[in-house]
Every structure is written in structure tokens, then in C-alpha cells.
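Protein chains: 2
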Amino acid sequence: MVANDNIAIENDLLLKKHKTVAINIMASPGAGKTSFILRTIDKLSRSFRIGVIEGDTSAATIDADKISELGFPAVQINTGGDCHLDANMLKSGLDNLTLSNLDLVLVENVGNLVCPAAFKLGTYKNILVASIPEGDDKPYKYPAMYSAVDVLIINKIDLLPYVPFNMEYFITGVKMLNPGLISFPISCKTDEGLEAWVNWVKTTVADFRHGINDK
Amino acid sequence: MVANDNIAIENDLLLKKHKTVAINIMASPGAGKTSFILRTIDKLSRSFRIGVIEGDTSAATIDADKISELGFPAVQINTGGDCHLDANMLKSGLDNLTLSNLDLVLVENVGNLVCPAAFKLGTYKNILVASIPEGDDKPYKYPAMYSAVDVLIINKIDLLPYVPFNMEYFITGVKMLNPGLISFPISCKTDEGLEAWVNWVKTTVADFRHGINDK
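Protein sequences appear in the order of chains A and B.
All residue numbers in the first sequence are consecutive under my numbering, ending with 217.
All residue numbers in the second sequence are consecutive under my numbering, ending with 217.
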């Protein structure tokens, strides 16, 4: 773990050297991380040069292919069955991107609500994509993940009419664990709520650059 | 891992001694394991004496409480943040149930499509609950899990009209990994498909008892 954290610090320094913001995107399998990344790229590709790192437990390049097909640089990391990315895996991913040509790197972690939360990668921000059909009790059941992130995306709100989901109960659990957590309810199907998320990314990239220039 | 497998063998022998069938239920977070267990109990409580072991990464007893409220014995195992049950945890769960009074123990593993597949528990059958909103690409992305199970439940089929899900693509991935896998498409909301699953459990319990009596 100490070794991991040291490499995470190196990743952070490398990214700052290139003025590249990296965002670690964690979620349960099927919460919609890849669709979320695709919609984010679509909305930000005029503002930023974007690359993607795709963490997978197998060699299947389904997600990386979807990004590459749109003409954006995408690197797949096959964890070889491991249940999370670690800092060393991210390092190898970053080494395969031309960081000097990128403003923003979106990192799709392995779909898992437990292990990824424990491994720092050296990304500037860590976010969680929750989704409505997963149910409203997830903060209570996976507290480590909900405590560890800077931003919460609440995805698939278009499914609210079709599944039981008590938003108040969900948010109460979130606030108990992570009182100041910024959250964006969105739908990648209807685009609802995506504008607010995209504006947050723009502000975050600006803050990151100011922080570097101030030093 | 060898130590784990040895304890799994002990669990298997203990369960056989008491003529109790245990089923390990694995899934992604939010696939609907608990609802599935509740519907299964409802449909089988006249045929069998049923107990439940609930694996959670935290102390929240939400799921165990739902079972207990219905009057069935339920034991919670808090993994203390660990991402899966192991054989030793199951052993402690079994020790807290009166096995001589139980025909069937349903074991809800931690919500995770990676780690639980690697740890034998000593249960008679291992099953996976997939769910429609997770998406049709999960067999391709989590092959170890899809390869490791005896039965596949395809849950939340009532949501098929509202989400993109290509059943043919999904089933092709499943068959590639696990050709003989028995699967039950179901909805715990409408009860569609539950009868076939319940009949499979009845046959499985009968087979298990014959196997013991033949020895």
C-alpha cells in the first residue's frame, strides 16, 4: 500500500508536469461508466483534448474500442482478473498516452464498489457513478466507496418511474458519510443534468491550472 | 487459498451431515440479490425450512433485517470492508444457524462481479444474479464470474422495454464461457419466471438428498 501511494504521488507529479487533469471514475458494474464517458467526451471535445484509460478485468476491449472509434486516444489496462486499478497500472496507462497533447484524462476503473476505493491512483479527482436501478441503499452498504469520492454522479434518472428508489433515503445515506459531496443527477439517455456536470469539469480544469501556475 | 479450500471442504461436509443445501448467490451491487432471496423464500417456505446468511462490507444489517422481519433465521457477516465472503466467514455464519433445523441456506455474497468468484465457500451450488440494467456486455467483461457458476438468474426483465439490452449478444457471451449454464430470466417485481427457478431448487434439493442417501 505504501508502494502504491508512492507511485500515486509520481503519477500526480507527472500529470501536473503536463498540466493534464485526470479523473478516476468508479462504479458498480453496469452503472453506465462508459456511456457517461462517451457523453462527457461529446460535450467537452471542443473545450479540451481528451484521452481515456479503460480498466478491465479481461482482455475484452469493448469499452476502449468505443472511445477509439470516435477518434479519441484510448488505452486499455487489463488487470488480469484483479478487481481494481492500482497506481502502477495507471502509470503504465499514462505512459501509453501522449500527455503533452492532453488536457483531460478520464480513467474508467474496474466495475466494483469495494476495492477501487482503497487504492489511490494519483488522479486529481475521484468520482463515483451510482445508478438508479442499483437501489437507494448502496451508501449504507458500501460506505468506504461513498466516503472516498469528490463527486457523485446519480445516473439513469430516466428509470426513476420504473424502479423503487427513495431519493431522500439515498441522499441521507450519502450526506451521513460524505457531507460536502457534490452530486449530479443525470441521464445519459436524455442528457438531463449533463450540462451541470460538464460545467463542473470546466471549472475543475481551470482551478487545477491556476493551482499549478500559482506555484 | 489452500487454507480457504480446506475450510470449504469442511463446510461442505458439515452441510451434508445436516442434509442442508447451501446456495451461494453472487451478483453486482444492486442486481437484486435480496429481493430475489425474499421472493424465493416466499415461494419455498412451505416446502423447506430456510435460513439466510448475509454478507456485507459494513455493519449495516439492512438485508438481514428484511429476512428476520419475515420470521426466518438470518445471520449477518460483516466482512470488515473485504470484497467477498471466504470459507472461514461462511463457517462462522453456519455456526450461528441451527443447521439441523434447516433444509436450505441461501448465502448472499458481497455485491461484486470479480472477487467472490475466486473463493470457494463449500456451498452445494453457486449462482449469479445478473440484471438487465447492468447491460448485455457483462459476460465479456467479467468472464471469471460467468465461468464459475452453476446457474444464471437474469433479473429485472420487466425493465427490458426501458433500457438497451441485446439478449442474443448477452447469451452468446454466456455460452462462450459456460456452455451448459442453466439460466432463468425472471422479474422479482412481476414474479415472471420465478416458478421455473423454484422448481429447479426443489429438484436440486431432492438430488442432493439422493446423493447423500446413496453413500
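All C-beta atoms, glycine included, are put in the ideal place defined by N, C-alpha and C.
No experiment lies behind these values; they were computed from the predicted model shown.
- Within a 10 Å sphere around the beta-carbon of residue 213/A sit fewer than 16 other beta-carbons, which makes this residue exposed.
- Per DSSP, the beta-bridge partners of residue 127/A are 25/A.
- Residue 135/B is positioned such that its CB atom lies closer than 7 angstroms to that of residue 165/B.
- With its beta carbon at least 7 angstroms from every one in chain B, residue 213/A lies outside the interface.
- Listed in chain order, the non-local C-beta contacts of residue 210/B below 7 angstroms within the same chain comprise 23 and 126, local neighbours out to five positions each way being set aside.
- A distance below 7 angstroms separates the beta carbons of residue 95/B and residue 55/B.
- Note that the C-beta distance between residue 99/B and residue 53/B is below 7 angstroms.
- In this structure, residue 13/B sits near residue 89/B, with a CB-CB distance shorter than 7 angstroms.
- DSSP, read as helix, strand or coil, puts residue 53/B in strand.
- Residue 185/B and residue 20/B have their C-alpha atoms roughly 28 angstroms apart.
- The beta carbon of residue 53/B sits no closer than 7 angstroms to any beta carbon of chain A.
- Between residue 206/B and residue 109/B, the alpha-carbon positions lie close to 16 angstroms from each other.
- Under the three-state reduction of DSSP output, residue 187/A falls in the strand class.
- Note: residue 110/B is bridge-paired with 27/B and 56/B in the DSSP secondary-structure output.
- With a cut-off of 8 angstroms on Cβ pairs, the segment 71-87 of chain A is in contact with the segment 113-125 of chain B, counting three or more such pairs.
- For residue 27/A, not one C-beta of chain B is nearer than 7 angstroms to its own C-beta.
- Of all residues in the segment 139-153 of chain B, the ones placed with a Cβ closer than 7 angstroms to any Cβ belonging to chain A are 139, 140, 142, 143, 144, 145 and 146, in chain order.
- Secondary structure at residue 80/A: strand, using DSSP grouped into helix, strand and coil.
- The Cβ neighbour count for residue 192/B, taken over all protein chains shown within 10 Å, is under 16; the residue is labelled exposed.
- At least 7 angstroms separates the beta-carbon of residue 156/A from that of residue 181/A.
- The C-alpha of residue 173/A lies about 26 angstroms from the C-alpha of residue 132/B.
- Sequence-distant partners of residue 50/B (beyond 5 residues in either direction) whose C-beta falls short of 6 angstroms from its own C-beta, in its chain, are 105 and 106.
- Distances from the CA of residue 16/B to each of 151/B, 216/B, 148/B and 124/B were compared; the closest alpha carbon is that of 124/B.
- Burial check for residue 73/B: the Cβ neighbour count within 10 Å stays below 16, so the residue is exposed.
- Given a length threshold of 4 residues, each whole run of the alpha helix (DSSP H) inside the segment 128-189 of chain B is given here in chain order: 140-143, 145-150 and 169-179.
- Collapsing the DSSP output to three states places residue 118/B in a helix.
- Interface flag for residue 60/A against chain B is set, since a Cβ pair is found closer than 7 angstroms.
- Secondary structure at residue 41/A: helix, using DSSP grouped into helix, strand and coil.
- In the three-state reduction of the DSSP assignment, residue 74/A falls in the coil class, being assigned neither a helical nor a strand state.
- Excluding its 5 nearest sequence neighbours in each direction, residue 35/B has C-beta neighbours in its own chain below 6 angstroms: 27, 29, 110 and 131, listed in chain order.
- Spatial neighbours of residue 129/B in its own chain (CB-CB distance under 8 angstroms, excluding positions within 5 residues in sequence) are listed in chain order as 25, 26, 27, 28, 151, 152, 153, 154 and 155.
- In its chain, beyond the 5 residues on either side, 196 and 200 have a beta carbon closer than 7 angstroms to the beta carbon of residue 45/A.
- Residue 7/A sits exposed, since fewer than 16 C-beta atoms from the chains shown fall within 10 Å of its C-beta.
- The contact set of residue 64/A on chain B, defined by CB atoms closer than 8 angstroms, consists of 139, 142 and 143 in chain order.
- The three-state secondary structure of residue 213/A, taken from DSSP, is helix.
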